[in-house]
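J.: Below you will find the structure I want to go over with you.
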Amino acid sequence: MYLLNIRENEDRKQLIKQSIDLNNINILITGAAGFIGASLTLRLLSELEGSTIVGIDTVNDYYSRELKEYRLGLIEKKAEGSDCQWSFQKISITDREALSGLFEQYHFEVVVNLAAQAGVRYSLINPDAFMESNIIGFYTVLEVCRKYLPKHLVFASSSSVYGGNTKVPFCMSDRTDTPISLYAATKKSNELMAYTYAKLYGLPCTGLRFFTVYGPFGRPDMAYYKFADKLAGGEKLQVYNFGNCKRDFTYVDDTIEGVFRVLQGAPLSSVRTEDGSEEQAVPYALYNIGGGNPEDLMEFIRVLSKELGAFGVLPEGFELEEHIEYLPMQPGDVEITYADSTELERDFDFIPKIGIREGLRKFAKWYSGYLRS
Ligand SMILES: NC(=O)c1ccc[n+]([C@@H]2O[C@H](COP(=O)([O-])OP(=O)(O)OC[C@H]3O[C@@H](n4cnc5c(N)ncnc54)[C@H](O)[C@@H]3O)[C@@H](O)[C@H]2O)c1
Numbered sequence: 001m002y003l004l005n006i007r008e009n010e011d012r013k014q015l016i017k018q019s020i021d022l023n024n025i026n027i028l029i030t031g032a033a034g035f036i037g038a039s040l041t042l043r044l045l046s047e048l049e050g051s052t053i054v055g056i057d058t059v060n061d062y063y064s065r066e067l068k069e070y071r072l073g074l075i076e077k078k079a080e081g082s083d084c085q086w087s088f089q090k091i092s093i094t095d096r097e098a099l100s101g102l103f104e105q106y107h108f109e110v111v112v113n114l115a116a117q118a119g120v121r122y123s124l125i126n127p128d129a130f131m132e133s134n135i136i137g138f139y140t141v142l143e144v145c146r147k148y149l150p151k152h153l154v155f156a157s158s159s160s161v162y163g164g165n166t167k168v169p170f171c172m173s174d175r176t177d178t179p180i181s182l183y184a185a186t187k188k189s190n191e192l193m194a195y196t197y198a199k200l201y202g203l204p205c206t207g208l209r210f211f212t213v214y215g216p217f218g219r220p221d222m223a224y225y226k227f228a229d230k231l232a233g234g235e236k237l238q239v240y241n242f243g244n245c246k247r248d249f250t251y252v253d254d255t256i257e258g259v260f261r262v263l264q265g266a267p268l269s270s271v272r273t274e275d276g277s278e279e280q281a282v283p284y285a286l287y288n289i290g291g292g293n294p295e296d297l298m299e300f301i302r303v304l305s306k307e308l309g310a311f312g313v314l315p316e317g318f319e320l321e322e323h324i325e326y327l328p329m330q331p332g333d334v335e336i337t338y339a340d341s342t343e344l345e346r347d348f349d350f351i352p353k354i355g356i357r358e359g360l361r362k363f364a365k366w367y368s369g370y371l372r373s
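Below you can see the structure in the form of structure tokens.
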């Protein structure tokens, strides 16, 4: 198992993180029935010893509830052979009383907030859902954390905060104050809200900007999954911006490896300087988690159709071009996402590295089995 080797920030010679041993502690994962939440829970259950992992989720119907139940089933199964305890409750992060009750019972050392209303395009259709889960919900998580002060709150942000940024790669120092969807605005708000709680109440918070995460039991509302569904159903794919689009796709195992490492290093509220004295700091950190290797969308689709063909989802001699409809850009979409994950590499010695061939093969393998189940 990777154990965080707390390193000194080379420029300032400061101890930059508090090391957290994830074994024998209580961990809360919100959005545990979701794609990233379930993937993280499975990883924690297979690697940790003596910990209690509590998952909460509303299991809402934004996309297939059946898929969310399927993920919870995988977790149940994994928990049976695990050295950890697993407990799941259908609770909304907007429900302060229920959340407080859980904190009172478990006194979580680590909290991972992955519950959210996701989906750039859906935020044009149902903005209420975004304000409710992403703003009120996250505020409630922060308020409860303020009272119970876990050692580390890690929360999901998104590459969408970079808005219409045309400068690539997207660096942590780039401006993020011109969001082009309400979804992005809620994620940027989360970063600011968490910073405030870190500054005012000393709550150690780390935000993670995920970049188009894909993989087995992923999200059916995301383009790659929709493409697979359409190709499997013999329908045409709608490819926006006439296919002129690049995405920094991150295979889910890479994302989870990044999260797993970050959980073990909480930002400190005071840092030791070179002369040995203590300096106050805001215990807040923010990272990009992306491979830094944006793929051309059309190449991604070609590899996907090849892998779906290899697993028998598409018939032999399948002609991809006959199944593509090229359309103009959609409101809220961006032409390119491209992560600069230098800070993640510097502080946690990790950078995503799984390429689309390997990642899409694993997705296609799972997808073919799930279709037939
Ligand atoms: N998957 C990606 O590519 C990606 C990219 C950028 C950011 N993110 C962010 O990462 C996080 C996890 O994403 P995901 O892909 O697993 O999404 P997901 O939709 O699969 O998971 C989110 C889960 O949260 C639950 N949920 C929604 N509102 C809730 C509430 N009020 N209380 C409790 N549960 C609630 C949903 O039922 C869902 O199961 C989200 O915050 C998302 O915005 C994901």
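Quick note: the sequence shown uses the working numbering, first residue 1, plus one each step.
Glycine residues also receive a C-beta, built at the ideal position from the N, C-alpha and C atoms.
#1: Would you identify the three-state DSSP class for H107, choosing helix, strand or coil?
#2: Give me the residue from A156, E274 and Y284 with the minimum Cα distance to L268.
#3: Assess contact between the region 93–108 and the region 134–152, defined as three or more Cβ pairs (one per stretch) separated by less than 8 Å. Is contact present?
#4: Let's test the definition: count the other Cβ atoms within 10 Å of the Cβ of A310 and tell me whether it reaches 16, buried, or not, exposed.
#5: Tell me whether F370 is buried or exposed, calling it buried when 16 or more other Cβ atoms sit within 10 Å of its Cβ.
#6: If I measure Cβ to Cβ from V282 and keep anything under 6 Å in the same chain, skipping five residues before and after, which residues do I get?
#7: Would the beta-carbon of R357 fall within 7 Å of that of V303?
#8: Can you give me the Cβ contacts of L360 inside the same chain, cut-off strictly under 7 Å, excluding the 5 residues immediately before and after it?
#9: Kindly examine ligand 1 and report whether one of its heavy atoms sits closer than 6 Å to the Cβ of I93.
#10: Out of G34, P331 and L263, which has the shortest C-alpha to C-alpha gap to I56?
#11: For D248, which option in A98, G37 and S158 has the closest C-alpha, if you only look at C-alpha atoms?
#12: With DSSP as the reference, identify every bridge partner of E325, one or two as the case may be.
#13: DSSP three-state call for A232: helix, strand or coil?
#14: For Y338, name the three-state secondary structure that DSSP assigns.
#15: Can you give me the Cβ contacts of R71 inside the same chain, cut-off strictly under 7 Å, excluding the 5 residues immediately before and after it?
#16: Nearest to P315 by CA position, among K90, G73, S368 and I16, is which residue?
#17: Ignore the nearest five residues each way along the sequence and tell me which others in A79's own chain have a CB closer than 7 Å to its CB.
#18: Please classify V252: does DSSP put it in a helix, a strand, or coil?
T.: So, from the data block:
#1: The residue labelled residue 107 in the question sits at position 107 within the sequence shown. Coil.
#2: If you number the sequence shown from 1, residue 268 lands on position 268. Of A156, E274 and Y284, the residue nearest in Cα terms is Y284.
#3: yes
#4: Here residue 310 corresponds to residue number 310 of the sequence shown, with the count starting at 1. Burial check for A310: the Cβ neighbour count within 10 Å stays below 16, so the residue is exposed.
#5: Position 370 of the sequence shown holds residue 370. As written in the sequence, residue 370 is Tyr, which differs from the Phe given in the question. With fewer than 16 other Cβ atoms within 10 Å, it is exposed.
#6: In the sequence shown, counting from the first residue as 1, residue 282 sits at position 282. So the qualifying residues of the chain are A198 and K199.
#7: Within the sequence shown, numbered from 1, the residue matching residue 357 stands at position 357. Within the sequence shown, numbered from 1, the residue matching residue 303 stands at position 303. Yes.
#8: Taking the first residue of the sequence shown as 1, we reach residue 360 at position 360. Taken in chain order, the residues that qualify are V303, L304 and E307.
#9: Position 93 of the sequence shown, counted from the first residue, corresponds to residue 93. At least one heavy atom of ligand 1 is nearer than 6 Å to the Cβ of I93, so yes.
#10: In the sequence shown, counting from the first residue as 1, residue 56 sits at position 56. Closest option to I56, Cα to Cα, is G34.
#11: The count along the sequence shown starts at 1 and reaches residue 248 at position 248. The shortest C-alpha separation from D248 is found at S158.
#12: Along the sequence shown, read from residue 1 onward, the residue named residue 325 stands at position 325. For E325, which the question treats as bridged, DSSP gives the partners Q238.
#13: Against the sequence shown, residue 232 aligns to sequence position 232. The answer is helix: DSSP assigns A232 an H, G or I state.
#14: On the sequence shown, position 338 is the one that residue 338 refers to. Coil, per DSSP.
#15: For the purposes of this step, residue 71 is taken as the residue at position 71 of the sequence shown. Cβ neighbours of R71 beyond the five flanking positions: A33, A38 and F217.
#16: Start at 1 with the first residue of the sequence shown, and residue 315 comes out as number 315. The residue with the shortest Cα to Cα distance from P315 is S368.
#17: For the purposes of this step, residue 79 is taken as the residue at position 79 of the sequence shown. Result list for A79: L45 and W86, in chain order.
#18: One-based indexing of the sequence shown puts residue 252 at position 252. Of the three classes helix, strand and coil, the one that applies to V252 here is helix, per DSSP.
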